[in-house]
Amino acid sequence: MTQLHDRPVATDAGDVSDHDLVVARTVHPWRWIIAVATLVLLAQFVHGLVTNAGWDWGTFAQYFTARSVVTALWLTIQLTFWGTLIGFALGIALAAARLSQNPVLQIISWFYIWAFRSIPLIVQLLFWFNIAYLYQRLSLGIPFGPSFVEFDVNSVISGSTAAIIGLALHQAAYSAEIVRAGIISVDQGQLEAAAALGIPKRREFFAIVLPQAMRGILPNAANEVISLFKGTSIVSVMAIAELFYQVQVIYGRTGRVVPMLMVATVWYVILTSVLSVVQFYVERHYSKGALRTVPLTPIQKLRSRIAALPLSPRGATR
6 MTQLHDRPVA
16 TDAGDVSDHD
26 LVVARTVHPW
36 RWIIAVATLV
46 LLAQFVHGLV
56 TNAGWDWGTF
66 AQYFTARSVV
76 TALWLTIQLT
86 FWGTLIGFAL
96 GIALAAARLS
106 QNPVLQIISW
116 FYIWAFRSIP
126 LIVQLLFWFN
136 IAYLYQRLSL
146 GIPFGPSFVE
156 FDVNSVISGS
166 TAAIIGLALH
176 QAAYSAEIVR
186 AGIISVDQGQ
196 LEAAAALGIP
206 KRREFFAIVL
216 PQAMRGILPN
226 AANEVISLFK
236 GTSIVSVMAI
246 AELFYQVQVI
256 YGRTGRVVPM
266 LMVATVWYVI
276 LTSVLSVVQF
286 YVERHYSKGA
296 LRTVPLTPIQ
306 KLRSRIAALP
316 LSPRGATR
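In our numbering, the protein residues as written are 6 to 323.
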């Protein structure tokens, strides 16, 4: 809401010009009070980070880029990459089976999603880590007939491989529901119009269904990738030297618990921020057909705010 400053009433309509009317912004005192209180709390928090010796920033700086930490971070990234790639590939197949007209595929897909969403991830990881207890050797051949190739499970499925299998199969159940929800969100009338125009099914999917479905899939899919990245810390129960496990090893040896936890925290924050930036630009790309104007990038927002600053004195005329 805007207010007009008190001015003498004009006796003639011709006496009032645009320069005589000054638009004043509505004052919101509570906004300023809340903003100031927030800044005070933030300043106190930053002051505590700097002055509290318990944070031990020297130890943090010493181990933040240590070779063992960076190597563990790289393993965490690999677990996230393969878990996402295999999980979403299998999830797409499960979503297609769930949406198919084949009742057998529908039931199998539904059962898989139900089972893997019901069992906690840590239980699944420990199961795959101990799969050799059930099957010491695996073979490839004719079902219920002769086998052509046999191999020892312990020599093939290492701890990292078991972690990737567990993460990927768990992720596939959630990815399937995300993909299925995105596909069924496309208006049925567009599919009917495509069928009436004789557009082949393959072209219909890639030109009509997929671009619109991606707008609904991407936000949830990106959240799942970020959750999977942070969730890789759970494989520490399998003694796999990912980031969180390596941090535990170091602070168990040095006794510097808080600074080592901050090492892991900052790395998680950095990589999560990178994934969030990638998510923003991918979503921005797929929003071009749905919005009149695509969202501004952070740089564009900064430029627009700078351009909106009053660079000339109030009341000056061009």
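Ideal Cβ placement from N, Cα and C applies to all residues, glycine included.
Coarse secondary structure for residue i, derived from DSSP in three states
i	result
Val74	helix
Arg122	helix
Arg103	helix
Gly203	coil
Arg30	strand
Ser144	strand
Ala40	helix
Glu247	coil
Phe149	coil
Leu9	Here the model assigns Leu9 a pLDDT of 47, short of 50, so the residue's position is not dependable, and the following value carries that caveat. Three-state DSSP puts Leu9 in a strand.
Leu301	coil
Asn225	helix
Leu196	helix
Ala312	helix
Leu95	helix
Leu139	coil
Leu307	helix
Thr322	Low confidence applies here, because Thr322 scores a pLDDT of 48, under 50, leaving its location unreliable; read the following figure in that light. Here Thr322 sits in coil by DSSP.
Gly257	helix
Range covered by the alpha helix (DSSP H) that runs through residue i
i	result
Val154	Segment Ser152 to Asp157 is the beta strand (DSSP E) holding Val154; no alpha helix (DSSP H) there.
Glu182	Gly164 to Ile189
Ser278	Val262 to Tyr291
Phe69	Trp62 to Phe69
Val59	For the sequence presented, residue 59 should be read as Gly rather than Val. Taken as a continuous stretch (DSSP letters only), Gly59 belongs to no alpha helix (DSSP H), as it is neither H nor E.
Residue nearest to residue i in terms of C-alpha spacing, selected from the options
i	options	result
Ala177	Ala100, Arg36, Gly187 and Gln106	Ala100
Gln217	Phe234, Ile188 and Asn225	Ile188
Gly221	Val254, Asp192 and Ile91	Asp192
Met243	Val263, Ala227 and Val128	Val128
Tyr286	Lys235, Pro264, Pro224 and Ser241	Pro224
Arg2	Asn159, Phe121, Trp115 and Gly257	The structure shown does not extend to residue 2, since the chain is modelled only from 6 to 323, so the question has no answer here.
Tyr273	Arg308, Tyr138 and Leu233	Leu233
Leu215	Tyr179, Ile231 and Leu196	Leu196
Tyr179	Ile162, Gly194 and Ile124	Ile124
Leu104	Thr70, Trp115 and Gly194	Trp115
Arg185	Ala212, Gly96, Arg122 and His33	Gly96
Expected contact under 8 Å - CB spacing of residue i and residue j to nearest Å
i	j	result
Ile118	Ala173	That belief does not hold up - the Cβ atoms of Ile118 and Ala173 are roughly 14 Å apart, past 8 Å.
Thr81	Thr237	5 Å
Ala199	Glu209	5 Å
Leu78	Ala168	Contact flag wrong, Cβ pair sits at about 15 Å.
Ile275	Glu229	Contact flag wrong, Cβ pair sits at about 20 Å.
Ser165	Ile255	Not really, about 20 Å apart at Cβ, beyond 8 Å.
Trp60	Val283	Wrong, their Cβ atoms sit about 31 Å apart, outside the cutoff.
Leu301	Ser292	With a Cβ gap of about 12 Å, Leu301 and Ser292 do not count as contacting.
Tyr68	Met265	6 Å
Ile39	Leu126	That belief does not hold up - the Cβ atoms of Ile39 and Leu126 are roughly 39 Å apart, past 8 Å.
Proximity test, residue i beta-carbon vs the ligand HEM heavy atom, cut-off 8 Å
i	result
Ile245	Absence of the ligand HEM from the depicted structure is noted, as is the absence of any ligand whatsoever, leaving it without description.
key: the region 247-256 in contact with the region 268-281 per 3-pair CB rule at 8 Å   = yes
message = Contact between the region 154-168 and the region 136-146 is defined here as three or more beta-carbon pairs at a separation below 8 Å; is this criterion met?
response = Yes, the region 154-168 is in contact with the region 136-146.
ask   = Does the count of Cβ pairs from the region 107-121 and the region 278-286 closer than 8 Å reach three?
value = no
task = Evaluate contact between the region 199-208 and the region 64-72, counting only Cβ atoms and requiring at least three cross-stretch pairs below 8 Å.
result = no
key: Touch test, the region 132-140 against the region 46-53, Cβ-Cβ under 8 Å, three pairs minimum   = no
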